[in-house]
Amino acid sequence: MSFQTNTQPMSNPQETTNGKIFNANLVFIGLCFLIGLAGFGYVLAILPEIADPGTDLPRTCITGGWKLGLIITHVLTFVLIPLAMRIFYQGLQNLGLPSRAIFASQLGLAFIMVAIASEIGWHVTQCWYYQNDFTMLNFMFYFFLISAFALWSDGLVETPSNITKLLNIVFAISLLIVSILYPLGYKADNDSFKIPIYIALTLVFAVLTYRGYQVLQDWKIIFVPIFSVGVNLTFIVLLDKFGGNPYTDPQVTFNALFHILHDLGGTEAGVAIFTWLVYSKGIAAQKPTPKLVPQN
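What follows is the structure in C-alpha cells.
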C-alpha cells in the first residue's frame with residue numbers, strides 16, 4: 003500500500019448563491035449613492051475646471067528627476083490596486099464573506115484608482131507643483147476617495163445591521179455636506195472649508211480599521227491608519243509649511259519630496275499593509291493541509 007498527497011481545496015460554500023441581486027439592500031445602497039451623487043453633480047455644474055491663479059507671475063514647474071519620481075509614485079497605484087483587488091477577492095471569499103461584501107470591496111478599490119486618476123490630472127494642471135487649491139479635479143479626488151473607503155469598509159461586513167445602514171447614511175450625507183462646502187471654499191478662497199473632507203476621511207477610515215480588525219483579528223491592522231492617515235497628513239502639513247508656492251516662493255525640493263512621501267509613505271503604504279494582512283490571513287493561512295490518501 004502506498005500513499006499520495008491530496009491538496010484539492012474544499013469547495014467554498016460562499017460560491018453558491020441564490021442569484022438574488024435586486025433586493026432591499028441594493029435599493030438602500032443605491033439611495034446612499036444618489037445622495038452622494040447629488041452633491042457631485044452640484045459641484046460639477048458650478049465649479050470651474052482650473053483654478054484662477056490670481057496673479058500674472060510665471061508659475062514654477064517641477065521637472066527632471068523630481069517630476070519622474072512624482073509620476074512613478076502616482077502610477078504605482080495602478081499596479082498596487084489591481085493586485086489588492088485580486089487578493090481581497092480571494093481572501094475575503096476564503097474568510098467566508100458573502101458575494102455582496104466582496105463586490106463592495108472590489109468597487110471601493112476601483113474607486114481608489116478613479117480618485118488617483120483625478121489627482122494625476124489635477125497635478126498636471128499644476129505643472130506637478132503641489133498647491134492646495136479648488137478645482138473640479140481636486141474635488142473628484144476627494145469625492146471618490148471618501149466613496150472608495152466607505153465601500154471598502156462595507157466590503158468587510160458579513161451581515162448588514164441597523165448600525166451598518168446608519169453609518170452608510172452618515173457617509174452619504176458627509177459626501178453631500180463636503181460637496182456643498184467645497185464651492186463655498188472656492189468662492190471665499192479659504193482652505194478651512196476642506197476641513198470637513200479630512201474629518202469625513204478620518205471617520206470612514208476609523209470604521210474601515212475597526213471592521214478590518216473584526217474580520218482579520220490581527221492587531222497589526224493599526225498600521226493601516228497610522229500610515230494612511232497619520233503619515234499622510236504629516237507630510238500634508240509639511241507641504242503646507244515648507245512647500246512654498248509656485249509663483250513667489252518656489253521650494254521645488256521640499257515640495258516634490260514631501261509630495262512623494264505623502265503618497266508613497268502614506269496612502270500606498272496603508273493599502274499595501276492592508277493587502278498583505280488579508281493575504282496572510284485569508285490566503286496563506288487558508289491553504290489546505292495535504293492529506294495522505296491510501297492507494298493500492
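Each step along the sequence shown adds one to the number in the working numbering, with nothing skipped, and position 117 is 119.
Even for Gly, the Cβ is constructed at its ideal location relative to N, Cα and C.
Here the structure is a predicted model, which means the values were calculated and not measured.
Closest in alpha carbon position to SER107, among GLY157, ASN140 and ARG61, is GLY157. For LEU241, the uninterrupted alpha helix (DSSP H) run begins and ends at 234–244, by DSSP.
Residue ranges of uninterrupted beta strand (DSSP E) with 3 or more members are absent from the segment 78–135; none lies entirely inside it. One Cα belongs to PHE141, the other to LEU210, and the distance between them is close to 22 Å.
A residue is called buried when at least 16 other Cβ atoms come within 10 angstroms of its Cβ; ASN192 does not meet this threshold and is exposed. Contact check for ALA86 against LEU70 fails: the beta carbons are separated by 8 Å or more.
Straight-line spacing of the CA atoms in ILE224 and VAL231 works out to 11 Å. Scanning its chain for C-beta atoms nearer than 8 Å, with the 5 sequence neighbours on each side dropped, one finds around GLY187 the residues PHE136, ASP193, SER194, PHE195 and LYS196, in chain order. In the three-state reduction of the DSSP assignment, ASN247 falls in the strand class, which pools E and B. Secondary structure note for PHE151: its alpha helix (DSSP H) is the uninterrupted segment 138–156.
Considering only LEU33, TRP68, GLY41 and GLN288, the residue with the shortest C-alpha distance to HIS261 is TRP68.
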